[in-house]
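Below: one structure, written as structure tokens.
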Amino acid sequence: MNQDDTGGFGTLIEPATYRIQRRLPGPIERVWAYLTDSELRARWLAAGEMDLRAGASVELVWRNDDLSDSTEGRPEGFPEVVRMDCPITRVEPPHYLSFLWQGGGEVQFRLEVEGDGVLLTVTHHRLVEHGTRVMVGAGWHMHLDLLVVCLRGQPRPSFWRGWARLHEAYAQRMTAEAEARRDAGADRLSAAAG
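Taking our numbering, the leading residue of the sequence shown gets 944, the next gets one more, and so forth.
In structure tokens, the structure reads:
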């Protein structure tokens, strides 16, 4: 799988807000089902029953070892299963879903019909730490690549191999973005002082 098959890198649209988009095969109701149905979501992200109403909660259960059709193992230090209780903040089927993320963030999924496809925009807010932004960026990118191939009925690539490659790429990209923001801020301060 290459970038053309899945989509581009996500970006920091604010210092602590990451956004990534994918154009997906429709219809929108099918994509919505892959976001909200535990069995379908488990094929690309995490299982967990979802009561689709604001104030309800979903326990997301990641088993990333099971996300690949290949048998490559996870990197050292990563648990086999990760569980996260996520209170739902907003639901507008089949266009919008948001929930709180452990550690204080919020994740938003927006679906928009584009021709015979669907534009999915994932926005993850309040990613304060650089290392967290890198992990989350690589994670969403790889999980959405899996969603694309699931919707197309194609074999799923190695989650962990893809994640490791993306983690390295996001570390480089986000470090460069942070340095550019820092330099731009210093330039503004110099201009204001001068």
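Just so you know, even glycine gets a beta-carbon here, dropped at the ideal spot from N, CA and C.
It should be emphasised that the depicted structure is a prediction, and the values quoted were computed from it without experimental measurement.
DSSP places L983 in the uninterrupted alpha helix (DSSP H) bounded by 981 to 984. The count of Cβ pairs closer than 8 Å, one atom from the region 1048 to 1065 and one from the region 957 to 973, reaches three, so the stretches are in contact. Using a Cβ distance threshold of 9 Å, F1102 and L983 do not count as a contacting pair. If you check the CB distance, R1069 and G1096 do not come in under 9 Å. In the structure shown, H1038 adopts coil according to DSSP, grouped into three states. Nearest Cα to A1123 within the set V1025, A985, P958: P958. For V1091, no pairing in a beta bridge is given by DSSP. Put simply, the region 1017 to 1028 touches the region 988 to 1002. At least three CB pairs are less than 8 Å apart.
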